[in-house]
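Numbering (our numbering), first residue to last: 297 to 897.
Written out as structure tokens, the structure is:
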């Protein structure tokens, strides 16, 4: 096994070492204007080599299913807090939120605040009880006093759907970053990330994933702090001055777009008057120019630039607040510590680091408006940002620190993505192997070695799915895609998890029907909404069957309602037995008596 790991690690490094030689032959799109940045490439390979070394070390310490799924429960509270922060400080946070601020200004902060306010829910409601009741996955908790088969099947389904959507955001961010860094074909970049994440999970398990997260969190916090410091230094450490300068830059850009829109309209009108065959296309270009000018004219310090519909705003808020407590890869982290006290400390540490980081992303977004949008070297011939707005933070790194710092931030951003997709893949694989295969299909009659082997097969399958989804959703904003994942987590996983721990009346029938109702409703409404129906599937704007981008207010309400109705109307003997088991479950959740401790190596 160790020999295979060593050969595989060397093979991957050799394959990556040859990338710069052929990357220039697979360039497409606006990235062709980027020169090869050797600082970035060297740091990128150093990080990959180092993390493969961590994976090799972790593989030698992974001997059991508990080691593979939860690092043996031996991670300290502070370490786990940093790892949770690493999980949370994803591509959606670093690249996506700064891109939203770069595009829409102050309203981009809605995602920062939304991601952060979910933590009090976890701190006071979930973390301690989860650690006391569970073993490897949140399905252990949801099915604690309910029927194992149907509840675990639902929980695994909800986990896989959330993981798939979350993976899209990370894979798109990784693909765009490597495309910009190497001038490589986007699809090739996504495939490379998929292969790497599979290697980390298959050989290192949760221990490797945790330490990659910790390393990544420290590097990302350091890099983002330097970027924010340099942005504030540019405006003499005046936040008011930063806002004023950003507003001035946006207004100047809006005036330029208005002039272009007027000129385009005049050309189109002349073509119509002359019955030119190009009249239709010129009218379409004039319309697009007018829309761009109108969008740019909005005040970036005013609300409504990103989410103007109040239903969408409330729905997004609910998804971000309660979705955090339904994210399988976050919940799985609470099983890596030895007891409930360490779980509470994990959340406390994570909240501090995450809150600080989100302040930095806001400064980075406004810094990109000031320093990146005004520099033509970061734009293509059409005047659009190279790599799209998701790369605003990466370009800002070059603007404040030159090639060397760009190399550092590029490597860190890649590390961010790689660590998060590893955690996501592990949670998805554990849902298949632990919840479905071992607990449902084999009814617990399976040895650990077989269960881990199934988990590794599932990891490969998830890697393939992640690659395909990353290619399909290339054009989406990555923070927005994560927002949709939160909607599903809040609609499916959170209601069942919450009610299983706090409501005596919950029955298996209510949990399964309510959970599936929220899951199906959220998925269907997302597909029928403008985000997928128009932006991804390419249907005409206005043809969407559901008018809102975020379905959580509807799907989450439906999940709680259906769970309650089908539980209180369940008069079966099985339901009475499940209600009777609530008190012993509650005592264990509060005291930890009977909870699993850490592995002894």
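Ideal Cβ positions, reconstructed from N, Cα and C, are used throughout, including at glycine.
Strictly by DSSP, which residues pair up with residue i?
{"i": "residue 675", "result": "681"}
Is residue i buried or exposed, if buried means 16 or more other CB atoms sit within 10 Å of its CB?
{"i": "residue 552", "result": "exposed"}
{"i": "residue 702", "result": "buried"}
{"i": "residue 698", "result": "exposed"}
{"i": "residue 510", "result": "buried"}
{"i": "residue 796", "result": "buried"}
{"i": "residue 805", "result": "buried"}
{"i": "residue 380", "result": "buried"}
{"i": "residue 507", "result": "buried"}
{"i": "residue 689", "result": "buried"}
{"i": "residue 883", "result": "exposed"}
{"i": "residue 679", "result": "exposed"}
{"i": "residue 559", "result": "exposed"}
{"i": "residue 763", "result": "buried"}
{"i": "residue 834", "result": "exposed"}
{"i": "residue 798", "result": "exposed"}
{"i": "residue 782", "result": "buried"}
{"i": "residue 362", "result": "buried"}
{"i": "residue 837", "result": "exposed"}
{"i": "residue 705", "result": "buried"}
{"i": "residue 693", "result": "buried"}
{"i": "residue 441", "result": "buried"}
{"i": "residue 739", "result": "exposed"}
{"i": "residue 862", "result": "buried"}
{"i": "residue 580", "result": "exposed"}
{"i": "residue 566", "result": "exposed"}
{"i": "residue 879", "result": "exposed"}
{"i": "residue 687", "result": "buried"}
Assuming residue i and residue j are in contact, meaning their beta carbons sit under 8 angstroms apart, how far apart are those beta carbons, in whole angstroms?
{"i": "residue 790", "j": "residue 619", "result": "7 angstroms"}
{"i": "residue 714", "j": "residue 460", "result": "Not confirmed; about 18 angstroms, so no contact."}
{"i": "residue 597", "j": "residue 653", "result": "Wrong, their Cβ atoms sit about 22 angstroms apart, outside the cutoff."}
{"i": "residue 457", "j": "residue 721", "result": "In fact, because the Cβ distance is near 14 angstroms, the residues do not count as touching under 8 angstroms."}
{"i": "residue 635", "j": "residue 888", "result": "6 angstroms"}
{"i": "residue 586", "j": "residue 557", "result": "5 angstroms"}
{"i": "residue 358", "j": "residue 500", "result": "7 angstroms"}
{"i": "residue 541", "j": "residue 339", "result": "The pair is not a contact, with the Cβ atoms about 31 angstroms apart (cut-off 8 angstroms)."}
{"i": "residue 519", "j": "residue 708", "result": "5 angstroms"}
Answer yes or no: do residue i and residue j have a C-beta to C-beta separation smaller than 9 angstroms?
{"i": "residue 814", "j": "residue 787", "result": "yes"}
{"i": "residue 911", "j": "residue 864", "result": "Nothing about residue 911 can be read from this structure; the chain reaches only from 297 to 897."}
{"i": "residue 570", "j": "residue 401", "result": "no"}
{"i": "residue 770", "j": "residue 482", "result": "yes"}
{"i": "residue 486", "j": "residue 468", "result": "yes"}
{"i": "residue 898", "j": "residue 681", "result": "The requested residue 898 is not part of the displayed model; the chain covers only 297 to 897."}
{"i": "residue 537", "j": "residue 545", "result": "no"}
{"i": "residue 759", "j": "residue 490", "result": "yes"}
{"i": "residue 426", "j": "residue 638", "result": "no"}
{"i": "residue 710", "j": "residue 398", "result": "no"}
{"i": "residue 374", "j": "residue 642", "result": "yes"}
{"i": "residue 616", "j": "residue 779", "result": "yes"}
{"i": "residue 683", "j": "residue 473", "result": "yes"}
{"i": "residue 792", "j": "residue 422", "result": "no"}
{"i": "residue 754", "j": "residue 717", "result": "no"}
{"i": "residue 723", "j": "residue 625", "result": "yes"}
{"i": "residue 629", "j": "residue 376", "result": "yes"}
{"i": "residue 661", "j": "residue 396", "result": "yes"}
{"i": "residue 712", "j": "residue 512", "result": "yes"}
{"i": "residue 514", "j": "residue 696", "result": "no"}
{"i": "residue 726", "j": "residue 433", "result": "yes"}
{"i": "residue 449", "j": "residue 732", "result": "yes"}
{"i": "residue 823", "j": "residue 611", "result": "no"}
{"i": "residue 465", "j": "residue 768", "result": "no"}
{"i": "residue 632", "j": "residue 502", "result": "yes"}
{"i": "residue 751", "j": "residue 462", "result": "no"}
{"i": "residue 435", "j": "residue 419", "result": "no"}
{"i": "residue 564", "j": "residue 550", "result": "no"}
Determine, for residue i, whether the minimum Cβ-Cβ distance to residues of chain D falls below 9 angstroms.
{"i": "residue 410", "result": "Looking for chain D here will not work: only one protein chain is present."}
State yes or no: is the C-beta of residue i nearer than 8 angstroms to some heavy atom of the ligand HEM?
{"i": "residue 768", "result": "With respect to small molecules bound, the structure shown includes none, and the ligand HEM cannot be examined in it."}
- Task: At 4 residues or longer, and completely inside the stretch 821-884: list those alpha helix (DSSP H) runs for me, N to C.
- Result: 826-829, 848-864 and 869-876
Going along the chain, which unbroken runs of the beta strand (DSSP E) with 3 or more residues stay wholly within the stretch 577-606?
none
For the stretch 629-671, list the alpha helix (DSSP H) runs that are entirely contained and at least 4 residues long, ordered along the chain.
636-667
Inset, instruction - Any chance you could list the alpha helix (DSSP H) runs of at least 4 consecutive residues sitting entirely within the stretch 330-382, in chain order? - result: 334-357 and 361-366
Exercise for review: Give, in chain order, every unbroken run of the alpha helix (DSSP H) that is at least 4 residues long and sits entirely within the stretch 674-750.
Suggested key: 688-726
I'd like the ranges of any beta strand (DSSP E) spanning at least 3 consecutive residues and lying wholly in the stretch 386-434. none
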